[in-house]
Amino acid sequence: MPAIRNVVIIGSGPAGLTAAIYTARANLEPLILEGEPSSTSDQPGGQLMLTTDVENFPGFPEGIMGPDLMQRFREQAVRFGAEAKLEKVTKVDLSERPFKIWVGEPEGAEPTYLAHSVIVSTGAKSLLLDLPKEHELIGHGVSTCATCDGFFFRGHNIAVVGGGDSAIEEATFLTKFADKVTLIHRRDELRASKIMQDRALNNEKIEMLWNHEVAEIKGDTKLEGIRVRSTVSGEESDLDVSGLFVAIGHRPNTDLFVGQLDMEESGYLVTGNGVQVTATNIEGVFACGDVQDHTYRQAITASGSGCSAAIDAERWLEANVHA
Ligand code: NAP
Numbered sequence: 006m007p008a009i010r011n012v013v014i015i016g017s018g019p020a021g022l023t024a025a026i027y028t029a030r031a032n033l034e035p036l037i038l039e040g041e042p043s044s045t046s047d048q049p050g051g052q053l054m055l056t057t058d059v060e061n062f063p064g065f066p067e068g069i070m071g072p073d074l075m076q077r078f079r080e081q082a083v084r085f086g087a088e089a090k091l092e093k094v095t096k097v098d099l100s101e102r103p104f105k106i107w108v109g110e111p112e113g114a115e116p117t118y119l120a121h122s123v124i125v126s127t128g129a130k131s132l133l134l135d136l137p138k139e140h141e142l143i144g145h146g147v148s149t150c151a152t153c154d155g156f157f158f159r160g161h162n163i164a165v166v167g168g169g170d171s172a173i174e175e176a177t178f179l180t181k182f183a184d185k186v187t188l189i190h191r192r193d194e195l196r197a198s199k200i201m202q203d204r205a206l207n208n209e210k211i212e213m214l215w216n217h218e219v220a221e222i223k224g225d226t227k228l229e230g231i232r233v234r235s236t237v238s239g240e241e242s243d244l245d246v247s248g249l250f251v252a253i254g255h256r257p258n259t260d261l262f263v264g265q266l267d268m269e270e271s272g273y274l275v276t277g278n279g280v281q282v283t284a285t286n287i288e289g290v291f292a293c294g295d296v297q298d299h300t301y302r303q304a305i306t307a308s309g310s311g312c313s314a315a316i317d318a319e320r321w322l323e324a325n326v327h328a
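Our numbering applies: residue 6 is where the sequence shown begins, and numbers increase by one.
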């Protein structure tokens, strides 16, 4: 059997790496299981690996590229003694302590790691339309985060896809920058709450394109427009936009924990026990970042909750394992 680690951190975005920095500095020698580079949406480094300029992370007045920022987080964690492995967790057993974690093929095999405490920071992924070039052009005209990228579209014509609260929120926010925002929805009725709908429908910078979907994303190195298709007649036409914001929902990466950790219907982990904000329903298992936050979803808030998880884990270990 492998040695029992104090803390294993699953996921290596801002939440997981901040938890690693703090637990490493508390001499807990954390192990970060970062994920696999081949994975497209829950890749090591998290969603920031899919962005270009990050201009709202405090401490970087000139801005910083998303992947550079994550590399710095990682270096800082490793410098203080965290061990980082590019491995994807395939199974966990949190039913008894020490907790068991498998990477690779789990069937019948012994667990790869044992841990007194686990910090879950597996993040969430933005749902995409699944169109050619969509993934490659993220950060180059295609975006899944208006708060992050809206600023780059000052004076432009852009489009938002979706009909839920996220799409309306993003479209409304983007009118602060863009000259015109076309909201593309596949039906003739929005899913968003009434108050949000009214906000969008009364905004003169937002034009609704009902009963349409995106048929094609154009451009090789940057977005050069899209082709839209009517969901009623199938007729296609070009839309001249330099930005396309995909706001069709998010999915937390929680498949590993189904049946073990309490989650909302939407899959987000439930955290907080009145004392520790990152506690899950299992003592010794903590969760931080986007996997438990569908409200803020920012690097800085994920990072802050990673810090809380590290402190929660440290105090829990002190009281229950190292006492
Ligand atoms: P959502 O409610 O699931 O809405 C997703 C929207 O995207 C739907 O309109 C859906 O169309 C559309 N869609 C899904 N897949 C699509 C595809 N492949 N192509 C084109 N359109 C597609 O997701 P959400 O807007 O992210 O909201 C998630 C939850 O967070 C909701 O409970 C929401 O109320 C909440 N939220 C609240 C706020 C707020 O209160 N400020 C802000 C954001 C989110 P159909 O309608 O045709 O299915």
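Positions of the beta carbon are idealized from the N, C-alpha and C atoms, including for glycine.
The Cβ atoms of residue 257 and residue 277 lie no closer than 8 Å to each other. Under the three-pair Cβ rule at 8 Å, the region 283-303 counts as touching the region 315-327. Here residue 104 is near residue 97, since their CB atoms are less than 8 Å apart. Here the alpha carbon of residue 60 sits roughly 15 Å from the alpha carbon of residue 182. Look at residue 30 here: in three-state DSSP terms it is helix.
The Cβ-Cβ distance between residue 13 and residue 33 does not fall below 8 Å.
The set of residues whose C-beta lies within less than 5 Å of a heavy atom of the ligand NAP reads, in chain order, 167, 168, 169, 170, 171, 174, 191, 192, 196, 253, 254. Listed as beta-bridge partners of residue 162 by DSSP are 185. With respect to the 8 Å criterion, residue 205 and residue 236 are not classified as neighbours on the basis of their beta carbons.
Rounded to the nearest angstrom, the Cβ distance from residue 222 to residue 188 is 17 Å, too far for a contact under 8 Å. In the three-state DSSP reduction, residue 157 falls in the helix class (H, G or I).
Residue pairing of residue 69 in beta bridges, as defined by DSSP: 59.
In this structure, DSSP gives residue 124 an extended state, which the three-state scheme calls strand. Minimum Cα-Cα distance from residue 138 among the listed residues 108, 230, 281, 84 corresponds to 230. Boundaries of the alpha helix (DSSP H) around residue 171: 170-179. Comparing C-alpha distances from residue 117 to each of 106, 274, 194 shows the shortest one belongs to 106. Shown here, residue 18 sits in coil according to DSSP, grouped into three states, outside any helix or strand. Apart from sequence neighbours up to five positions away, the residues of its chain that approach residue 215 with a beta-carbon distance below 7 Å are 190, 193, ordered along the chain. Annotation for residue 245: 162, 230 place their beta carbon closer than 7 Å to its own, counting only its chain and skipping 5 residues before and after. In this structure, the alpha-carbon of residue 123 lies about 8 Å from that of residue 15. In the DSSP annotation of this structure, the continuous segment of the alpha helix (DSSP H) that includes residue 204 starts and ends at 199-206. Cβ contact annotation for residue 27 (same chain, cutoff 7 Å, sequence separation greater than five): 312, 315, 316, in chain order. For residue 306, the enclosing alpha helix (DSSP H) starts and ends at 304-325. For residue 107, DSSP records a beta bridge to 96.
Per the coordinates, the alpha-carbon of residue 132 lies some 8 Å from the alpha-carbon of residue 252.
Distance from the CA of residue 247 to the CA of residue 264, rounded to the nearest whole angstrom, comes to 43 Å. DSSP assignment within the region 263-310 yields the following whole beta strand (DSSP E) runs of 3 residues or more, N-terminal first: 290-292. Residue 213 is bridged by DSSP to 188. The straight-line gap separating the alpha-carbon atoms of residue 285 and residue 275 is approximately 6 Å.
Residue 155 sits buried, since 16 or more C-beta atoms from the chains shown fall within 10 Å of its C-beta.
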